[in-house]
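Engineer: I'd like to ask you about the structure that follows.
In UniProt numbering, the protein residues as written are 1 to 398.
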């Protein structure tokens, strides 16, 4: 027989059936709870509807009828309860967790760079948003300010957002896979022409180097001078560690995993570079740590050197562009063959047959080339007069 208000009030410990699965469960302690027993996906389950002290018999019947209807429509109370208990991280927290989980398989340089774009462009806009709320429309809004301004970075970040959201789906933070294929349709079309990094004319570089050398010394200024002297990529400078250097032999050996081409690159160091490194060695915090770091552990930002150029009024010049500057100087002011300058830049030969036969790294010629480049940078009034090739010369002993 169906329950009545009086039966509910006087019910003894046990299970008292009202009908259609609705029961009143009374515990020995006197606690009274409404429970609805149903079959769902082949399993019999009990679903709590609240305390009988708070929910009347009439309300319990109404709640049971509503729950039955919702279950028939596909609602899963257990899954919803689990979802409610699960803590969904913010987009920033999910990104950092993804970076830590997947980063062990990346090259050191890629691992260090991967988060910088998020920190500069995305975390301030959507970092605090729960990761399960980051959809295509949200990504469009986040990338819009930079899509045409810095297109290459924006495209790279779009790809990395996809990695984060896929990772979040695997972790159970995002219930369904998020497709970002429609993002580009919500953004203006980018110009497919990708220009070269803007470079400073080589005739202007000596005055910049003099200004950097005479200004108050900072880690950033040393890093920029070092990068220009050696015509290397900024990331190769930022992540350089003391164990890569032999100052007695004036040699810097960059391991393959840190090079874009995936091959070890040996850089002959000019005398001014060795002098700079000896000074930083005397001020080091670790024998094995980062060379260009304030604590030997955290590398300077990839924007630190760029900011120095911006502060000096060079709004459009890039740090990477100094490699083009070096190439122009070597072509116009020296008689060194192009392949020597290319090897100094660690360029990989596109022709595999030619690469297989050219086994020399032109080290001694490169040493002479980098010495002349350092001499040129030290001039106060540079000229375009060609320098003679000195294949066997070397800088003064460090």
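Every residue gets a Cβ at the ideal spot worked out from N, C-alpha and C, and that includes glycine.
Express the C-alpha separation of residue 297 and residue 121 in angstroms, rounding to a whole number.
Structural biologist: Using only the alpha carbons, I get a separation of about 24 Å.
Engineer: Have a look at the DSSP bridge pairing and note the partners of residue 23.
Structural biologist: Beta-bridge pairing links residue 23 to 17, 35.
Engineer: Helix, strand or coil: which one does DSSP assign to residue 241?
Structural biologist: Of the three classes helix, strand and coil, the one that applies to residue 241 here is strand, per DSSP.
Engineer: Let's test the definition: count the other Cβ atoms within 10 Å of the Cβ of residue 143 and tell me whether it reaches 16, buried, or not, exposed.
Structural biologist: Residue 143 should be labelled buried.
Engineer: Kindly list the residues whose CB is nearer than 6 Å to the CB of residue 309, restricted to its own chain and excluding five residues on each side of it in sequence; keep chain order.
Structural biologist: 317, listed in sequence order.
Engineer: By Cβ distance below 7 Å, which residues in the same chain neighbour residue 15 in space, the five residues on each side in sequence not counted?
Structural biologist: Excluding residues within five positions, the ones whose Cβ falls inside 7 Å are 23, 25.
Engineer: DSSP three-state label for residue 256, please.
Structural biologist: Helix.
Engineer: Tell me whether residue 301 sits in a helix, a strand or coil according to DSSP, three-state version.
Structural biologist: Residue 301 falls in the coil class under three-state DSSP.
Engineer: Tell me whether residue 71 sits in a helix, a strand or coil according to DSSP, three-state version.
Structural biologist: DSSP places residue 71 in helix when its eight states are reduced to three.
Engineer: Which two residues bound the contiguous alpha helix (DSSP H) that contains residue 169?
Structural biologist: Unbroken alpha helix (DSSP H) run through residue 169: 151-170.
Engineer: Specify, as a first and last residue, the run of the alpha helix (DSSP H) that residue 342 falls within.
Structural biologist: Its alpha helix (DSSP H) spans residues 338-344.
Engineer: Within 8 Å, do at least three Cβ pairs link the stretch 328-343 to the stretch 364-378?
Structural biologist: Taking 8 Å as the limit for Cβ pairs, the verdict is that the stretch 328-343 does touch the stretch 364-378.
Engineer: Put residue 48 into one of helix, strand or coil per three-state DSSP.
Structural biologist: In the structure shown, residue 48 sits in a strand (DSSP, three-state: E or B).
Engineer: DSSP state of residue 3, grouped into three classes?
Structural biologist: It is coil, neither helix nor strand.
Engineer: Any idea what DSSP makes of residue 290, helix, strand or coil?
Structural biologist: If DSSP states are grouped into helix, strand and coil, residue 290 belongs with the strands.
Engineer: Over the uninterrupted alpha helix (DSSP H) stretch that includes residue 130, give me the two end residues.
Structural biologist: Neither: residue 130 is in no alpha helix (DSSP H) and is coded neither H nor E.
Engineer: With DSSP run on the structure shown, which of helix, strand or coil describes residue 90?
Structural biologist: DSSP places residue 90 in strand when its eight states are reduced to three.
Engineer: On the criterion of 16 or more Cβ atoms from any shown chain inside 10 Å, does residue 92 qualify as buried, or is it exposed?
Structural biologist: By the neighbour-count rule (16 or more Cβ atoms within 10 Å), residue 92 is buried.
Engineer: Below 6 Å CB to CB, which residues in the same chain sit around residue 256 once its five sequence neighbours on both sides are set aside?
Structural biologist: Counting only Cβ-Cβ distances below 6 Å, and skipping sequence neighbours, we find 262, 263, 264.
Engineer: How many whole angstroms separate the CB atoms of residue 258 and residue 239, which I take to be in contact at a CB cut-off of 8 Å?
Structural biologist: Yes, they are in contact, since the Cβ atoms of residue 258 and residue 239 sit about 6 Å apart, within 8 Å.
Engineer: Leaving out five residues before and five after residue 168 in sequence, what residues of the same chain have Cβ atoms less than 7 Å from its Cβ?
Structural biologist: Only 94, 131, 174 meet the Cβ criterion.
Engineer: Evaluate residue 170 with the Cβ neighbour count: other Cβ atoms within 10 Å of its Cβ, from every protein chain shown; 16 or more gives buried, anything less gives exposed.
Structural biologist: With fewer than 16 Cβ atoms within 10 Å of its Cβ, residue 170 is classed as exposed.
Engineer: Would residue 372 be called buried (16 or more neighbouring beta carbons within 10 Å of its own) or exposed?
Structural biologist: The residue in question, residue 372, is buried, as its Cβ has 16 or more Cβ neighbours within 10 Å.
Engineer: Span of the beta strand (DSSP E) holding residue 268?
Structural biologist: From DSSP, the beta strand (DSSP E) with residue 268 extends over 265-268.
Engineer: Excluding the 5 residues flanking residue 383 on each side, which residues of the same chain have their C-beta closer than 7 Å to its C-beta?
Structural biologist: Summary for residue 383: the model assigns pLDDT 42, below 50, so the residue's position carries little reliability; its value from the coordinates is reported in the next sentence. Cβ within range, chain order: n/a, list empty.
Engineer: Taking the alpha-carbon positions, what's the residue 104 to residue 162 distance?
Structural biologist: Taking the straight line from one Cα to the other gives about 19 Å.
Engineer: Taking just the CA atoms, how far does residue 222 sit from residue 237?
Structural biologist: Straight-line Cα distance between these residues: approximately 10 Å.
Engineer: What does DSSP give as the partner residue(s) for residue 40 in the beta ladder?
Structural biologist: Paired residue(s): 43.
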